[in-house]
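Number of protein chains: 2
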Amino acid sequence: MRTVKLDLDHAPYDILIARDLLAQVALILPLLPQPRVAIVTNETVAPLYLQPLQHALAQCGVKVETVILPDGEVYKNWETLNLIFDGLLAARVERKTTLIALGGGVIGDMTGFAAAVYQRGVPFIQIPTTLLAQVDSSVGGKTAINHPLGKNMIGAFYQPRLVLADLATLDTLPPREFSAGMAEVIKYGLIDDLAFFEWLEANIDALMARQTEALAYAVERCCQNKARIVAADEKEQGQRALLNLGHTFGHAIESGLGYGVWLHGEAVAAGMVLAALASRELGQVSDADVARIKALIQRVGLPVVAPVLGNERYLDLMAQDKKVDAGTIKFILLRCLGESYIGELERSTVIAALEAGCA
Amino acid sequence: MRTVKLDLDHAPYDILIARDLLAQVALILPLLPQPRVAIVTNETVAPLYLQPLQHALAQCGVKVETVILPDGEVYKNWETLNLIFDGLLAARVERKTTLIALGGGVIGDMTGFAAAVYQRGVPFIQIPTTLLAQVDSSVGGKTAINHPLGKNMIGAFYQPRLVLADLATLDTLPPREFSAGMAEVIKYGLIDDLAFFEWLEANIDALMARQTEALAYAVERCCQNKARIVAADEKEQGQRALLNLGHTFGHAIESGLGYGVWLHGEAVAAGMVLAALASRELGQVSDADVARIKALIQRVGLPVVAPVLGNERYLDLMAQDKKVDAGTIKFILLRCLGESYIGELERSTVIAALEAGCA
């Protein structure tokens with residue numbers, strides 16, 4: 001088992017990575033303030049993994065409530081969040097009951113947000129079952145729901161007490177979802193880890209074949225990178241924003257097409273290419289660098305071309321981004337391959353990148 | 001001007017108390033990360049106090065957005081909270097824009113919660129315009145909305161950067177609202193401040209006449225007491241629950257009658273009498289103590305008799321309380337007049353108190 005420690009002042013916690021962790025409830029039990037949990041999952045994950053987890057907990061005398069939500073980014077909204085509250089209140093879930101998020105990024109984000117605000121905060125544990133959630137969204141405490149006017153606009157910074165990344169759950173992940181998760185994996189190489197980017201170029205076939213050792217290494221490396229960045233800037237006052245590489249453009253794509261048309265990872269992939277193209281416009285990366293980024297993204301089966309929404313629509317959607325400060329959109333850009341920074345772009349540069357990257 | 005400091009580790013702030021603070025924006029300006037605010041208020045308060053505040057801020061070059069909500073506890077729900085988000089997003093309010101709550105407890109609780117979760121947290125300032133908000137709800141960082149199955153069930157601990165208690169705004173408070181605020185004032189005497197309880201007995205006429213010196217003293221004393229309790233236990237792991245004296249019964253009354261039928265303070269007043277009656281059942285306070293409590297409550301024009309909801313309905317509603325732990329309801333009880341503690345009650349004791357206190 002690989003362990004990554006997320007060392008936050010007030011709430012350090014472990015990210016455990018291995019196959020078949022799901023039913024090892026001995027990892028969970030010591031963290032429960034009372035022998036009671038509420039598992040939040042969705043209609044896709046429940047038939048696969050709810051029963052073994054529920055059974056193992058019940059065997060140890062833990063009372064288990066369950067809330068099963070519809071599946072998909074389109075449900076990452078207040079109405080679905082309220083289904084969690086309805087379930088918790090109907091079951092009289094208390095302040096010391098632990099919420100467990102069993103599922104992908106949407107389940108993790110929504111359950112985490114529910115845990116942050118239900119009775120002003122209850123303990124929670126992440127059991128991510130998608131690659132995207134294991135390498136990215138389950139780590140670091142960002143929780144949120146979408147608003148019709150913007151993605152992840154309503155949320156909280158709220159840390160789990162444990163993240164259990166069971167690699168065996170990736171066996172059942174549909175190829176499109178697996179590829180979407182790879183967008184965030186590649187992101188870590190581009191942010192500040194050229195060695196990892198190069199490791200990905202060399203090992204991408206093993207990863208796409210979901211070989212356990214390659215997966216374990218990639219998940220651990222991503223979590224280590226994320227843990228380092230988050231520990232230095234939990235509330236995103238500065239450098240944590242680097243984790244949004246590809247996300248400013250990506251959120252505009254998701255929102256512009258309607259949530260769920262493109263998967264988050266697909267939008268981030270095309271968004272990273274747009275960020276690279278903008279960086280090329282600034283003369284910071286070469287055509288060859290852009291080609292390497294595109295090649296890796298294509299090898300994992302993700303789009304390198306963004307949809308045409310119209311330049312004005314892109315600019316308008318991005319102006320809603322959470323990183324906007326005094327009307328200026330902040331972008332995560334590449335200083336060179338494997339090194340990113342938070343910067344601003346002239347309108348003309350954004351448009352040039354969009355012209356080069358949309359079709 | 002009286003100043004009470006709330007000394008929390010990560011976010012100390014001042015509560016300023018005086019007449020005519022509203023337009024003294026020099027107190028606010030140094031705290032704004034950008035020259036932009038969004039004032040959230042309601043249809044009752046806006047015609048009275050929005051314009052002077054807005055004007056004073058604009059005079060200093062601050063860009064002001066406004067969100068005006070319907071007035072009343074019945075609107076303290078997700079739908080109304082979403083009106084705040086809609087307004088903020090439509091105006092493209094950013095992470096560094098400060099939210100200002102201008103109004104009573106409902107506006108303060110909802111604006112604080114909106115500030116806690118909009119873009120995962122933006123700065124906020126409380127300008128409470130009711131007695132209840134000035135002595136209690138605007139201080140200490142508890143924010144929330146109601147859920148059909150329970151009061152304040154969805155919320156966050158989120159501290160303001162400043163509380164401006166302008167005593168002049170109490171001039172326009174309807175008598176029923178003023179009386180409701182007095183419930184929380186009396187509460188502070190009962191929790192752990194017998195000297196203040198006795199001061200209230202001696203000065204209640206001056207207070208009810210809204211004499212400035214008496215008001216300033218009472219608001220300051222309540223804020224001092226609350227600041228001390230909150231600083232010792234921000235997240236309500238223990239002693240902060242004392243601030244809920246009368247609230248377990250009170251929330252059951254509010255929820256049982258339907259939010260808004262009784263004002264919060266009215267329900268708390270009757271709830272404090274029920275808590276005193278339960279404490280008398282335990283032999284901890286005398287009939288004479290209960291009579292003194294009732295007398296003071298009656299002198300401020302508040303109910304001392306709780307509505308008949310049925311004992312089982314009371315018990316059922318209280319079992320939803322946030323202070324329930326492993327199925328056991330926690331009550332705030334009186335050890336003696338002016339000293340409270342967190343305890344449990346036998347079912348028979350609760351019923352005896354309800355039988356004695358409802359009509």
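The listed protein sequences correspond, in order, to chains Y and G. Quick note: the first sequence, position 32, residue 32 per full-length UniProt numbering, numbers continuous. Quick note: the second sequence, position 17, residue 17 per full-length UniProt numbering, numbers continuous. Virtual Cβ for every residue (Gly too), placed ideally from N, Cα, C. The structure displayed is predicted, hence computed values, not measured ones.
Would you mind giving the Cβ-Cβ distance between Q54 of chain G and V64 of chain G, rounded to the nearest angstrom? I have them listed as a contact below 8 Å. 5 Å
To which residues of the same chain is F157 of chain Y closer than 7 Å at the C-beta, ignoring the five residues directly before and after it? G141, K142, E234, K235
Out of curiosity, what's the CA-to-CA distance linking Q298 of chain Y and A291 of chain Y? 10 Å
DSSP beta-bridge partners of Q126 of chain Y: Y:A101, Y:V163
Could you spell out where the beta strand (DSSP E) holding V67 of chain Y opens and where it closes? 63-69
Within 10 Å of its beta-carbon, does S138 of chain G have 16 or more other beta-carbons around it, so buried, or fewer, so exposed? buried
So, L22 of chain G versus A168 of chain G, is the Cβ gap smaller than 9 Å? Contact: yes.
Reducing DSSP to helix, strand and coil, say where S255 of chain Y ends up. helix
Backbone CA spacing between Q211 of chain G and D205 of chain G [nearest angstrom]: 9 Å
Using the beta-carbon of each residue, which ones in chain G are nearer than 8 Å to I329 of chain Y? For I329 of chain Y, there are no neighbours in chain G by C-beta distance under 8 Å, as the nearest C-beta there is about 11 Å away.
In the structure shown, what three-state DSSP assignment does E43 of chain Y receive? coil
Determine, using beta carbons only, whether K76 of chain G and M110 of chain G come nearer to each other than 9 Å. yes
Per DSSP, C358 of chain G is paired with what? According to DSSP, which records beta bridges pairwise, C358 of chain G is partnered with G:A306.
Secondary structure at M1 of chain Y, three-state DSSP: helix, strand or coil? coil
Give the straight-line distance between the Cα atoms of I154 of chain G and F113 of chain G, rounded to the nearest whole angstrom. Rounded to whole angstroms, I154 of chain G to F113 of chain G spans 9 Å at the Cα level.
Sequence-distant residues of the same chain with beta carbon closer than 8 Å to L69 of chain Y, five excluded per side: V40, T41, N42, E43, Y75, T80, L83, I84, I107, M110
Residue range of the beta strand (DSSP E) that N203 of chain Y falls in? N203 of chain Y -> not in any beta strand (DSSP E); alpha helix (DSSP H) instead, spanning 194-208.
Could you compute how far the alpha carbon of E184 of chain Y sits from the alpha carbon of V135 of chain Y? 7 Å
Kindly list the residues whose CB is nearer than 6 Å to the CB of A267 of chain Y, restricted to its own chain and excluding five residues on each side of it in sequence; keep chain order. G250, I253, E254
Taking the DSSP output, what are the residues bridged to G155 of chain Y? Y:A144
Taking the alpha-carbon of L170 of chain Y as reference, which of Y:P160, Y:W199, Y:V219 has the nearest alpha-carbon? Cα-wise, what sits closest to L170 of chain Y is Y:V219.
For A165 of chain G and D7 of chain G, believed in contact at Cβ under 8 Å, the rounded distance: Their Cβ separation, rounded to whole angstroms, is 18 Å, which puts D7 of chain G and A165 of chain G out of contact at 8 Å.
Please name the residue or residues paired with D14 of chain G in a DSSP beta bridge. In DSSP, D14 of chain G forms a bridge with G:K5, G:L162.
For a contact meaning CB atoms closer than 8 Å, what does D325 of chain G contact in chain Y? Counting only Cβ-Cβ distances below 8 Å, D325 of chain G has contacts in chain Y at Q34, E94, R95, K96, in chain order.
Under 9 Å between C-beta atoms, does Q119 of chain G make it to chain Y? At least one chain Y Cβ lies under 9 Å of Q119 of chain G.
For V261 of chain G versus M182 of chain G, is the C-beta distance shorter than 9 Å? no
CB contact below 9 Å: G155 of chain G versus chain Y: Yes, contact with chain Y.
D192 of chain G versus G:A56, G:P175, G:N244, residue with shortest Cα-Cα distance: G:N244
Can you give me the start and stop residues for the alpha helix (DSSP H) that I342 of chain Y sits inside? Element bounds for I342 of chain Y: not the alpha helix (DSSP H) but the beta strand (DSSP E), 339-344.
Cα-Cα separation between S340 of chain Y and Q284 of chain Y, rounded to whole angstroms: 10 Å
Apart from the five residues on each side of it in sequence, which residues of its chain come closer than 7 Å, Cβ to Cβ, to A278 of chain G? F331, L333, L345, T349, V350, A353
Helix, strand or coil for K294 of chain G? Go by DSSP, reduced to three states. Three-state DSSP puts K294 of chain G in a helix.
Tell me whether the beta-carbon of A115 of chain Y lies closer than 9 Å to the beta-carbon of P123 of chain Y. yes
In whole angstroms, give me the CA-to-CA distance for A131 of chain Y and E177 of chain Y. The sequence shown places Leu at residue 131 of chain Y, not Ala. When rounded, the distance between both Cα atoms is 8 Å.
What does the alpha-carbon distance come out to for the pair A90 of chain Y and A144 of chain Y? 23 Å
Assigned secondary structure, C336 of chain G (DSSP; H/G/I helix, E/B strand, else coil): For C336 of chain G, the secondary structure class from DSSP, reduced to helix, strand or coil, is strand.
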